[in-house]
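Contents: one structure, followed by commentary.
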Amino acid sequence: MKSAKLIIVLTVTTLLSGIGLSFLNSWAQPKIEAYQQKVLEQAIYDVLPGIEKYKVKEIEGTKFYEGISPEGQTVNVAFRAIGRGFQSELRILVGMDTSMTKILNVNLLQQAETPGLGTKIADDPGADNPAWFMQQFDSLTVAQQDIDYVKNEEPDKENAEIEAITGATISSKSVVNIINKAIDNNRELYNSGQ
Amino acid sequence: MAKNKISLIKEFTKGLWDENPVLVMLLGLCPTLAVTNSAINGLSMGLAVLFTLTSSSIIISTFRKIIPDEVRIPTFIVVIATFVTITDLTMAAKFPEISKALGPFIPLIVVNCIILGRQEAFSSKNPVGRSIIDALGMSVGFTLTLTLLGAIRELLGAGTIFQIQIMPDSFANWMVMILPPGAFLTLGFMIAGYNWINDKLKTQ
């Protein structure tokens, strides 16, 4: 009799909890997804200049966001580059021309790097332009070579070089590697799907 | 009646000073150290704990006579986990920015010792009204301590409080303060300061 009470109390508690939470979840889930969609959509318009709308093209499980110009032409394409940073997962949206030889813009969607050091990849409060790091990738040509990084010297933009952040070399290097790898993987995939 | 009122006030204020969960009981140190790199993060964490602790206390003390002793801990955990999930989902849906900043520390409130500790030590033995006051006192004490800790670290580490510039431009930010070691240093000094004030009060 005693143990029956134990079972009943625990069962009722977990049951009520489960029912309550599933109701809450059905309310919250669409809102959470809508927010993530909004963030992604905003980023797509940020990295693909001069587009009116975009359409999603899926090739072998990889999503490409094709930018459509007001004339109805596919003028550029964006894709996600995901990989490990120093201590967190970095998610980057890369916008390129359709031949994938030139980067247009990149947007850091998500990072949780070391506050004050690695977070400078997203926001460097000490600099005149806090977003300088990611902006270095804008309009780099990567037809011949991968992006490379230099430290404490002026990067050569013509040779697809960017300057790493002092004190956050690993985070800087990770961003470069993640973008390089995503471009290499996606260029052939995207061209094959044309 | 008058005596009862005084003891209710005492029930509330003990969480603020005499039995402050962070400075005296040293409970819930994981979120305390991890999220207080800015005042706003400390405040949000405190408010999340306030909601979870108060709601759990209401439920536990209401059903305290039905919950058998043998399964009280699993029951407490289920109730606490439910309210933490409610907080987590609501924040993710309504305040996505703050939810992003606090990351995994909202779900981790489940294992915050303050909440389970108050259920075990107080709500499971006291009537609802008293439990609410105890929970509010404890969580307000927790919130104030975290906000102060966050404010000190943010001031020294970034020159701002609640993102408002306080320090002059010439001030060089002590980067270490917003990194994990800064949390240990600041908390150590806060506990030392607390004990120093307490000693002064006692000798008077």
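These protein sequence lines map, in sequence, to chains W and F. Take 1 as the starting number for the first sequence in my numbering and just add one per residue. Take 1001 as the starting number for the second sequence in my numbering and just add one per residue. Each residue gets a CB set at the ideal place from its N, CA and C atoms; glycine is no exception. Values in this document were obtained by computation on a predicted structure and should not be read as measured data.
L48 of chain W versus W:P155, W:I68, W:G61, residue with shortest Cα-Cα distance
For the purposes of this step, residue 48 of chain W is taken as residue 48 along the first sequence, with counting starting at 1. Minimum Cα distance to L48 of chain W is reached at W:I68.
Specify the secondary structure class of D1018 of chain F as computed by DSSP and reduced to three states.
In the second sequence, the residue the question calls residue 1018 of chain F occupies position 18. In the three-state scheme derived from DSSP, where H, G and I count as helix and E and B as strand, D1018 of chain F is classed as coil.
CB contact flag (G95 of chain W, N177 of chain W, <8 Å)
As a working mapping, residue 95 of chain W is identified with position 95 in the first sequence. As a working mapping, residue 177 of chain W is identified with position 177 in the first sequence. In this structure, N177 of chain W does not lie closer than 8 Å to G95 of chain W by Cβ.
According to DSSP, is Q1165 of chain F helix, strand or coil?
Sequence index remark: in the second sequence, residue 1165 of chain F carries index 165 (1-based). Three-state DSSP puts Q1165 of chain F in a strand.
Chain F within 8 Å of S17 of chain W, Cβ atoms only:
For this step, residue 17 of chain W is matched to residue 17 along the first sequence. It does: the Cβ of S17 of chain W has a partner Cβ on chain F nearer than 8 Å.
Pull the bridge partners of R1153 of chain F from the DSSP assignment, please.
The sequence position of residue 1153 of chain F within the second sequence is 153, counting from 1. R1153 of chain F is not bridged to any residue.
What did DSSP end up calling R84 of chain W once you bin it into helix, strand or coil?
Taking the first sequence and counting its residues from 1, the one referred to as residue 84 of chain W is at position 84. It is a strand residue.
Using three-state DSSP, classify T101 of chain W as helix, strand or coil.
Position 101 of the first sequence, counted from the first residue, corresponds to residue 101 of chain W. Three-state result, T101 of chain W: coil.
Assuming D184 of chain W is part of the alpha helix (DSSP H), what are its boundary residues?
Here residue 184 of chain W is taken as the residue at index 184 of the first sequence, counted from 1. Start and end: 169 to 192.
Counting only Cβ-Cβ distances shorter than 8 Å, please list the residues of the segment 1072 to 1095 of chain F near chain W, keeping chain order.
P1074, T1075, V1078, V1079, A1081, T1082, T1085, I1086, L1089, T1090, A1092, A1093, K1094
So with Cβ pairs under 8 Å, would you call N1041 of chain F a contact of chain W?
Here residue 1041 of chain F refers to the residue found at position 41 of the second sequence. With its beta carbon at least 8 Å from every one in chain W, N1041 of chain F lies outside the interface.
Are G1042 of chain F and T1036 of chain F touching if we call contact CB-CB under 8 Å?
The residue labelled residue 1042 of chain F in the question sits at position 42 within the second sequence. The residue labelled residue 1036 of chain F in the question sits at position 36 within the second sequence. Contact: yes.
Rounded to whole angstroms, how far is the Cβ of E52 of chain W from the Cβ of P70 of chain W, which I believe are closer than 8 Å?
Mapped onto the first sequence, residue 52 of chain W falls at position 52. Mapped onto the first sequence, residue 70 of chain W falls at position 70. Indeed, because the Cβ distance is near 5 Å, the residues count as touching under 8 Å.
Does L1179 of chain F get closer than 8 Å to chain W when you measure Cβ to Cβ?
In the second sequence, residue 1179 of chain F corresponds to position 179, counting from 1. At least one chain W Cβ lies under 8 Å of L1179 of chain F.
At least one CB of chain F closer than 8 Å to the CB of A112 of chain W: is that the case?
Numbered from 1 along the first sequence, position 112 holds the residue referred to as residue 112 of chain W. Yes, its Cβ sits closer than 8 Å to a Cβ of chain F.
On a CA-only basis, which of W:Q29, W:G193, W:A4, W:N191 is nearest K1094 of chain F? Give me that one, please.
Residue numbering aside, residue 1094 of chain F sits at position 94 when the second sequence is read from its first letter. Of the listed residues, the one whose Cα sits closest to K1094 of chain F is W:Q29.
Just to confirm the assignment, what range does the alpha helix (DSSP H) spanning T1087 of chain F have?
Translated into the one-based positions of the second sequence, residue 1087 of chain F becomes position 87. Looking at the DSSP string, the run of the alpha helix (DSSP H) that includes T1087 of chain F is 1072 to 1094.
Identify the contact partners of K31 of chain W in chain C, using a Cβ-Cβ distance below 7 Å as the criterion.
No chain C appears in the structure shown, which is made up of the protein chains W and F.
Under 7 Å Cβ to Cβ from F1184 of chain F, same chain only, skipping five residues before and after it: list those, please.
Here the question's residue 1184 of chain F lines up with position 184 in the second sequence. Hits under 7 Å: L1033.
Which two residues bound the contiguous beta strand (DSSP E) that contains D148 of chain W?
For the purposes of this step, residue 148 of chain W is identified with residue 148 of the first sequence, where counting begins at 1. D148 of chain W -> beta strand (DSSP E) spans 148 to 150.
What three-state label does DSSP hand L975 of chain F in the structure shown?
Limits of chain F in this structure are 1001 at one end and 1204 at the other, which puts residue 975 of chain F out of reach.
At least 3 beta-carbon pairs within less than 8 Å: the segment 1173 to 1184 of chain F vs the segment 107 to 121 of chain W:
With the rule of 3 Cβ pairs closer than 8 Å, the segment 1173 to 1184 of chain F counts as touching the segment 107 to 121 of chain W.
For chain W, is any of its Cβ atoms less than 8 Å away from the one on N1037 of chain F?
Walking along the second sequence from the start, residue 1037 of chain F turns up at place 37. With 8 Å as the cut-off, N1037 of chain F counts as an interface residue toward chain W.
Roughly how far, in whole angstroms, is the beta-carbon of S962 of chain F from the beta-carbon of Q1119 of chain F, given that I think they are within contact range, below 8 Å?
No answer is possible for residue 962 of chain F: the residues shown for chain F start at 1001 and end at 1204.
Under 9 Å between beta-carbons, which chain W residues line up against I1152 of chain F? List them in chain order, please.
Walking along the second sequence from the start, residue 1152 of chain F turns up at place 152. In chain order: nothing, as chain W lies at least about 15 Å away.
Along chain F, in chain order, which residues have C-beta atoms closer than 7 Å to that of Y35 of chain W?
Position 35 of the first sequence, counted from the first residue, corresponds to residue 35 of chain W. Those within 7 Å of Y35 of chain W in chain F are P1096.
Beta carbon of L1148 of chain F: closer than 7 Å to some heavy atom of the ligand ZN?
The ligand ZN is absent from the structure shown, which contains no ligands of any kind.
What three-state label does DSSP hand V1024 of chain F in the structure shown?
Position 24 of the second sequence, counting from 1, holds the residue named residue 1024 of chain F. In this structure, V1024 of chain F counts as coil in the three-state DSSP scheme.
Buried or exposed for M1001 of chain F, going by 16 or more other Cβ atoms inside 10 Å?
The residue you call residue 1001 of chain F lines up with position 1 of the second sequence. The predicted position of M1001 of chain F is uncertain, since its pLDDT is 47 and thus under 50; no value can be drawn from it.
Given this structure, state the Cα-to-Cα distance separating E163 of chain W from K181 of chain W, to the nearest angstrom.
Start at 1 with the first residue of the first sequence, and residue 163 of chain W comes out as number 163. Start at 1 with the first residue of the first sequence, and residue 181 of chain W comes out as number 181. Their backbone Cα atoms lie some 19 Å apart in a straight line.
Counting pairs of Cβ atoms below 8 Å between the segment 1140 to 1150 of chain F and the segment 1043 to 1054 of chain F, do you hit three or more?
Note that the segment 1140 to 1150 of chain F touches the segment 1043 to 1054 of chain F; at least 3 beta-carbon pairs, one per stretch, sit closer than 8 Å.
Do S1123 of chain F and R1072 of chain F have their C-beta atoms within less than 8 Å of each other?
The residue you call residue 1123 of chain F lines up with position 123 of the second sequence. The residue you call residue 1072 of chain F lines up with position 72 of the second sequence. Result no, Cβ atoms of S1123 of chain F and R1072 of chain F do not sit closer than 8 Å.
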